[in-house]
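Here the structure is laid out as structure tokens; the discussion comes afterwards.
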Amino acid sequence: MSAADKLAIIDAIDAYLALADDPAVTAVAGMFMPDAVWECYAEGARQPSLRFASLAALESALAQARNGPRLRHHRTGLRFDHLAAGTARTTVKVLVTEQDGDAAPPRLANVACEIGTWRKTAFGWKVASWTVYREIL
Amino acid sequence: MNVSDRLLIADAISGYFFALDDFTDLAAVASFFSPDGSWECYEAGRDTPSIRFDSSAQFVTAMQPQQQAVGAARLRHHLTGLVFTSLTETTAETRLKILVTSQPSPNLPPVLRNTARVVSRWRKAGPAWKIESWVIHRESDV
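These protein sequence lines map, in sequence, to chains Y and H. Heads up, the first sequence is in my numbering, so the first residue is 342 and it goes up one at a time. Heads up, the second sequence is in my numbering, so the first residue is 55 and it goes up one at a time.
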């Protein structure tokens, strides 16, 4: 993997976290493989509390997230676990803040380790799977 | 220094903090240092270090008794700023900004514990970059 590939994946991670901050449903298909799987595990759980195995399901979940508190996903660590010409695996540390409205300050909500697997396509690097390990029950 | 070297050092910094967060494998933490790498920590407003280690082996030995307490605090080290202040083919110096959270219970959200500035010097050892010195300036005495 070249430095350009690493930088492209870093860009894609930041774009994904921006999407999580402010869900724009139309952006999902551009970031994920059509058969991508998104899962979320609570602290210590062996089964995911959320699992989406289609882009349509993920888009639906993101649309619903718009109604909750204002979440911000801050990337505070990034490790490349696997690097190859057409695939990659990353571990991202994310500090999540939430805010109830403009008049209230944000507060710390959670820390999560998020593992992404990636495939290189003719249209750039896409998420093949995204697994969130939340550090809270 | 080329972009690849910058990315390698950024990877090493993140890898070091992941290992420090975990804190179950002190040898993994120490592996980011050169064998004679030094580690210092200054409390807020102090000009002498409260802790200093002059080798990675010393770091491991000194930290072993702390493992259980540090693990229970579930400290997480969040990299919020990284500046390369010196860049050559074989050496580098970086300045980092860190935000530290702790979370004694998985039932509760994390709390902000501290911020710190870190000045680090690096040397290229074969294909890898290793820490030559790591100087922490904590911004709170808590």
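Each residue gets a CB set at the ideal place from its N, CA and C atoms; glycine is no exception.
**Study point:** Test item: CB-CB of Ser-104(H) and Glu-97(H) under 8 Å
**Key:** Against the second sequence, residue 104(H) aligns to sequence position 50. Against the second sequence, residue 97(H) aligns to sequence position 43. Yes, these two residues count as a Cβ contact at 8 Å.
Exercise for the section: From the DSSP output, read off the bridge partner residues of Arg-392(Y). Expected result: For the purposes of this step, residue 392(Y) is taken as residue 51 along the first sequence, with counting starting at 1. According to DSSP, Arg-392(Y) bridges with Glu-380(Y).
Q) Along chain H, in chain order, which residues have C-beta atoms closer than 9 Å to that of Lys-434(Y)? A) Here residue 434(Y) refers to the residue found at position 93 of the first sequence. Result: Ser-68, Phe-71, Phe-72, Asp-75, Arg-130, His-131, His-132 and Leu-133.
* Say the cut is 7 Å; is the CB of Asp-441(Y) nearer than that to a heavy atom of the ligand ADP? -> The ligand ADP is not part of this structure, which contains no ligands at all.
Are at least three pairs of beta-carbons, each pair with one atom in the stretch 72-84 of chain H and one in the stretch 408-416 of chain Y, less than 8 Å apart?
No: the two stretches stay apart, fewer than three of their Cβ pairs being nearer than 8 Å.
Please state the DSSP three-state secondary structure of Gly-99(H). The residue labelled residue 99(H) in the question sits at position 45 within the second sequence. Reduced to three states, the DSSP call for Gly-99(H) is coil.
Counting C-beta neighbours from all protein chains within 10 Å, is the total for Gly-69(H) 16 or more, i.e. buried, or is it exposed? Within the second sequence, numbered from 1, the residue matching residue 69(H) stands at position 15. Answer is buried; the Cβ neighbour count reaches 16.
| query | Name the chain Y residues that come within less than 8 Å of Leu-166(H), Cβ to Cβ? | reply | What you label residue 166(H) is simply residue 112 of the second sequence in a count that begins at 1. Simply Leu-449.
Practice problem: Run down chain Y in chain order and give the residues with a C-beta less than 7 Å from the C-beta of Asp-65(H). | Solution: Here residue 65(H) corresponds to residue number 11 of the second sequence, with the count starting at 1. Ordered by position in chain Y, the residues that pass the 7 Å Cβ test against Asp-65(H) are Arg-420 and Phe-421.
Original post:
Going by other Cβ atoms of all chains shown within 10 Å of its Cβ, with 16 needed for buried, is Asp-90(H) buried or exposed?
Top reply: For the purposes of this step, residue 90(H) is taken as the residue at position 36 of the second sequence. The residue is exposed, with fewer than 16 neighbouring Cβ atoms inside 10 Å.
### Message
Within 8 Å of any Cβ in chain Y, is that where the Cβ of Thr-155(H) sits?
### Response
Within the second sequence, residue 155(H) is the residue found at index 101, counting from 1. Yes, Thr-155(H) counts as interfacial toward chain Y.
Below 7 Å on C-beta distance, what does Leu-478(Y) contact in chain H? If you number the first sequence from 1, residue 478(Y) lands on position 137. Per Cβ cutoff of 7 Å: Pro-160 and Asn-161.
According to DSSP, which residues form a beta bridge with Ala-179(H)? Within the second sequence, residue 179(H) is the residue found at index 125, counting from 1. Answer is Ala-182(H).
**Prompt:** Using 8 Å as the limit for Cβ to Cβ distance, is Ser-174(H) near chain Y?
**Reply:** Here residue 174(H) refers to the residue found at position 120 of the second sequence. So, not an interface residue.
Given a cut-off of 8 Å, decide if Gly-457(Y) and Val-433(Y) are closer than it, judged by their beta-carbon atoms.
If you number the first sequence from 1, residue 433(Y) lands on position 92. If you number the first sequence from 1, residue 457(Y) lands on position 116. Result yes, Cβ atoms of Val-433(Y) and Gly-457(Y) sit closer than 8 Å.
Specify the secondary structure class of Gly-371(Y) as computed by DSSP and reduced to three states. For the purposes of this step, residue 371(Y) is taken as the residue at position 30 of the first sequence. Looking at Gly-371(Y) - three-state DSSP - the assignment turns out to be helix.
Query raised in the report: Is the CB-CB distance between Arg-416(Y) and Leu-348(Y) below 8 Å?
Result: On the first sequence, residue 416(Y) is found 75 positions in, with the first residue counted as 1. On the first sequence, residue 348(Y) is found 7 positions in, with the first residue counted as 1. It is not a contact, given that the beta carbons lie outside the stated cut-off.
**Report entry** Residues sharing a beta bridge with Gln-334(Y), DSSP
**Finding:** Within the shown structure, residues of chain Y are numbered from 342 to 478, placing residue 334(Y) beyond reach of any answer.
Cβ atoms of Leu-391(Y) and Met-372(Y): under 8 Å apart, would you say?
The residue you call residue 372(Y) lines up with position 31 of the first sequence. The residue you call residue 391(Y) lines up with position 50 of the first sequence. In terms of Cβ geometry, Met-372(Y) and Leu-391(Y) do not form a close pair [threshold 8 Å].
**Rounded separation between Ile-350(Y) and Glu-380(Y) - CA only** = Residue numbering aside, residue 350(Y) sits at position 9 when the first sequence is read from its first letter. Residue numbering aside, residue 380(Y) sits at position 39 when the first sequence is read from its first letter. Straight-line Cα distance between these residues: approximately 20 Å.
Beta-carbon within less than 8 Å of Leu-396(Y)'s beta-carbon, same chain only, minus the 5 sequence neighbours each way: which residues are those? Counting from 1 along the first sequence, the entry for residue 396(Y) is found at position 55. Excluding residues within five positions, the ones whose Cβ falls inside 8 Å are Val-369, Ala-370, Phe-373, Pro-375 and Ala-377.
task: Check each candidate in Leu-399(Y), Val-437(Y), Glu-384(Y) and Ala-356(Y) and name the one with the smallest Cα separation from Val-366(Y).
output: As a first step, residue 366(Y) must be located in the first sequence, where it is residue number 25. Comparing Cα-Cα distances from Val-366(Y) to each of Leu-399(Y), Val-437(Y), Glu-384(Y) and Ala-356(Y), the minimum goes to Leu-399(Y).
Determine whether the Cβ of Ser-58(H) lies closer than 8 Å to any Cβ atom of chain Y.
-> Taking the second sequence and counting its residues from 1, one reaches residue 58(H) at position 4. So yes, Ser-58(H) belongs to the interface.
- Item | Members of the stretch 393-424 of chain Y that neighbour chain H once the beta carbon cut-off is set at 8 Å | Of all residues in the stretch 393-424 of chain Y, His-415, Thr-417, Gly-418, Leu-419, Arg-420 and Phe-421 have a Cβ within less than 8 Å of some Cβ in chain H.
Contacts that Leu-61(H) makes with chain Y (C-beta to C-beta distance below 7 Å)
Translated into positions along the second sequence, residue 61(H) becomes position 7. Ordered by position in chain Y, the residues that pass the 7 Å Cβ test against Leu-61(H) are Ala-344 and Lys-347.
- Task: Provide the residue span of the alpha helix (DSSP H) that contains Thr-115(H), from first to last.
- Result: Position 61 of the second sequence, counted from the first residue, corresponds to residue 115(H). Where Thr-115(H) is concerned, the enclosing alpha helix (DSSP H) stretches over 110-117.
Any chain H beta carbon closer than 8 Å to Val-452(Y):
Taking the first sequence and counting its residues from 1, one reaches residue 452(Y) at position 111. Chain H places a beta carbon closer than 8 Å to that of Val-452(Y), counting this residue as a contact.
Can you name, in chain order, every residue of its own chain whose Cβ lies under 6 Å from the Cβ of Pro-164(H), other than the five neighbours on each side?
-> Against the second sequence, residue 164(H) aligns to sequence position 110. Same-chain partners within the cutoff: Thr-155 and Gln-157.
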